[in-house]
Amino acid sequence: MRMLSWMLGCCLLAAVGVTNAATQVLFETNQGNFAVEVYADKAPKTVENFLQYVKDGFYTNTIFHRVIGRFMIQGGGFDRELNEKPTRAPVVNEAGNGLVNQTGTIAMARTPDPNSATAQFFVNVADNQFLDYRSPEPDQIGYCVFGKVVSGMDVVFKISNLPTGNQRGFSDVPIRTVIIKRATIVTSK
């Protein structure tokens with residue numbers, strides 16, 4: 001009986017260890033690597049959508065096409081020639097989840113339509129409270145934060161400080177192309 005209790009206890013501890021694992025995404029760029037931890041408990045639909053794009057290899061060879069120092073870096077939607085990649089249907093905006101757009105957080109980019117986010121994301125390099133959820137009104141809903149950089153924030157800051165210019169009708173494009181070589185899902189404890 002003691003042996004059975006011991007074995008059940010070990011199984012329970014192993015199961016608890018699995019549930020305590022955090023899902024992270026490693027971005028490998030030509031400027032260095034950074035990793036983000038995603039919060040599926042706070043933004044389940046957003047995280048599911050984002051992780052599916054990662055699993056599909058969607059972000060491979062996309063770029064950070066919009067870089068504004070002391071604001072954010074935005075990527076995940078365009079290739080090296082600034083051609084937009086086709087996406088799946090938009091995901092519902094989960095900005096009212098209690099997370100805020102502070103330095104190091106990752107959020108979904110979107111058009112003025114609050115429920116238009118697909119694949120593009122941005123990493124805040126400053127505290128951007130004006131992007132936070134204030135109310136369910138379309139012009140007050142904000143931008144959904146769904147994770148935070150857990151390593152490589154120096155790389156994010158490096159990207160944010162690159163010189164930018166105008167290209168093919170886009171402003172704030174890094175003069176030296178910042179390529180996401182790949183994004184992969186990793187788990188940490």
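When we follow the numbering used here, the leftmost residue of the sequence shown carries the number 1, and every step to the right adds one. Note that the Cβ used here is the ideal one computed from N, Cα and C, for glycine as well.
Under a CB-based cut-off of 9 Å, is residue i close to chain D?
| i | result |
| --- | --- |
| PHE121 | Of the protein chains in the structure, only one exists, and it is not chain D. |
So, are the CB atoms of residue i and residue j less than 9 Å apart?
| i | j | result |
| --- | --- | --- |
| LEU26 | VAL186 | yes |
| ASN124 | GLY104 | yes |
| SER160 | ILE73 | yes |
| PHE122 | GLY152 | no |
| ILE180 | THR29 | yes |
| ASP132 | ALA95 | yes |
| GLY142 | ASN101 | yes |
Going by DSSP, what residue range makes up the beta strand (DSSP E) through residue i?
| i | result |
| --- | --- |
| THR164 | 164 to 167 |
| VAL173 | 170 to 174 |
If I measure Cβ to Cβ from residue i and keep anything under 7 Å in the same chain, skipping five residues before and after, which residues do I get?
| i | result |
| --- | --- |
| LEU12 | Confidence is the limiting factor: at LEU12 the pLDDT is only 43, short of 50, which leaves the residue's position unreliable, though a coordinate-based value still follows. Taken in chain order, the list of residues that qualify is empty. |
| ILE68 | ASP172 |
| SER135 | none |
Apart from the five residues on each side of it in sequence, which residues of its chain come closer than 8 Å, Cβ to Cβ, to residue i?
| i | result |
| --- | --- |
| GLY77 | THR62, HIS65, GLU84, LYS85, THR87, ALA109, THR118, ALA119 and GLN120 |
| GLY9 | Unreliable placement is indicated for GLY9, whose pLDDT of 47 sits below 50; the coordinate value is still reported in the next sentence. Here the set comprises nothing. |
| PHE170 | HIS65, ARG66 and LEU82 |
| THR177 | ASN30, ILE63 and ARG80 |
| ALA35 | GLN24, VAL25, LEU26, PHE27, VAL149, VAL150, SER151, GLY152 and VAL186 |
Apart from the five residues on each side of it in sequence, which residues of its chain come closer than 6 Å, Cβ to Cβ, to residue i?
| i | result |
| --- | --- |
| GLY32 | VAL155 |
| THR183 | Looking at the sequence shown, residue 183 is not Thr but Ala. VAL25, PHE27, VAL54 and TYR59, listed in sequence order. |
| ARG70 | ALA126 |
| LEU99 | LYS42 and VAL145 |
Quick check on the DSSP output: what are the complete beta strand (DSSP E) runs of length 3 or more inside the region 65 to 152, in order along the chain?
72 to 75, 105 to 108, 121 to 124 and 145 to 151
Would you check if there are 3 or more beta carbon pairs closer than 8 Å linking the region 85 to 103 to the region 44 to 52?
yes
Segments assigned beta strand (DSSP E), at least 3 residues, entirely inside the region 21 to 73
22 to 29, 32 to 38 and 62 to 68
Using 8 Å as the Cβ pair cut-off and three pairs as the minimum, do the region 139 to 158 and the region 53 to 66 touch?
no
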